[in-house]
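Below you'll find the structure, written out as structure tokens, and then a few comments.
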Amino acid sequence: MAKSQAGLLQGTLDMLILKALSLGALHGYGIGQRIAQISGDALKIEEGSLYPGLYRLEQRGWVQSEWDISDNNQRAKFYKLTRAGRKQLILEERNWEKLAGATMKALRAS
Amino acid sequence: MSRIRGTINSFRARLHPDEIAREVETELRFHVEMRTRANLEAGMTPDQANRAALQSFGDFDQVKSSCCEIRRSLPFNTSLLKMGLHITIALLAGAAALWTVNRPHDSPLSLLFQVGFVAVLTCLFVIARQQKPYRQY
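Taken in sequence, the protein lines are chains S and R.
Just so you know, we're using our numbering here: the first sequence kicks off at 1123 and counts up by one.
Just so you know, we're using our numbering here: the second sequence kicks off at 6 and counts up by one.
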């Protein structure tokens, strides 16, 4: 039970990272900020957990990274979505909508 | 293309683990520094800001080691590759055993050599089977 719950959370985090990057290239800190911003601060993620997620997505070829200079003149690793990542995001959004719709339907059943 | 890049990254991470660990650490430190700055701007003292940044980040060393491990992992399921390797070794060991049995043994040294060859292949098979499965992320 705990395992399936963790899997769901990991998948959700991956989708949120892809969504945040669909709006433009960002470094890890920026991704956390953007997720908080687009969710209206409703989603609080332990900041460190973003990085294993990002590395996983990079290994799968859904995001690509490169070192650059940040706004405060420091070296930072920036991530951007690849074409495969964009397709994956569309797929995950559809799956999520289906799941959310089915769950709502089940909850409203009398 | 992306899998090829992932495989190259994986081999690079295996060949230069220290470089990858440094790279990961630089990235994570940047995050903590950015959070510390934000905390300072929110009115915390430098000490409080840093402590709060580390707290909101979570277990730094754990995250670092997870990232390094993911960088080393291959971007595809290695179980089929391993199964192929095991079957190849088993077939080689079987063929070598047949060859040993059917070949005339002209000297004790050649017999020893052939038996040794079969033993080495058998050991390789046993070792390959005993390896713990590779973690997939």
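Virtual Cβ for every residue (Gly too), placed ideally from N, Cα, C.
Bear in mind that the values here come from a model prediction, so they are computed numbers and not experimental data.
Neighbours of residue 1230(S) in chain R, taken as residues at a C-beta separation under 8 Å, are lacking, since the least C-beta distance is about 37 Å. Residue 1180(S) has a beta carbon lying within less than 9 Å of a beta carbon in chain R.
Between residue 48(R) and residue 1169(S), the CB-CB gap reaches or exceeds 9 Å. Minimum Cα-Cα distance from residue 1178(S) among the listed residues 65(R), 75(R), 68(R), 56(R) corresponds to 75(R). Contact between residue 1165(S) and residue 1153(S) is absent: CB atoms are separated by about 12 Å, not below the 8 Å threshold. Around the beta-carbon of residue 1217(S), fewer than 16 other beta-carbon atoms lie within 10 Å, marking it exposed. Under the 9 Å criterion on CB atoms, residue 1223(S) is classed as non-interfacial with respect to chain R. The beta carbon of residue 1210(S) lies closer than 6 Å to those of 1184 in the same chain, with the five residues before and after it left out. The shortest C-alpha to C-alpha distance from residue 1172(S) to any of 1219(S), 1225(S), 1136(S), 1228(S) is the one to 1136(S). Going by DSSP, residue 1180(S) is part of the alpha helix (DSSP H) stretching over 1172-1181.
In this structure, the straight-line span from the alpha carbon of residue 1174(S) to that of residue 1232(S) is close to 41 Å. Between residue 1148(S) and residue 1200(S) the beta-carbon gap is near 7 Å, inside 8 Å, which marks them as a contact. Annotation: residue 30(R) has no Cβ neighbours in chain S at a cutoff of 7 Å; minimum Cβ distance is about 11 Å. The stretch 63-72 of chain R and the stretch 103-119 of chain R do not touch, with fewer than 3 CB-CB distances between them shorter than 8 Å.
Contact between residue 1229(S) and residue 1144(S) does not hold, since the beta-carbon distance rounds to 29 Å and is not under 8 Å. For residue 15(R), the closest Cβ of chain S is nearer than 9 Å.
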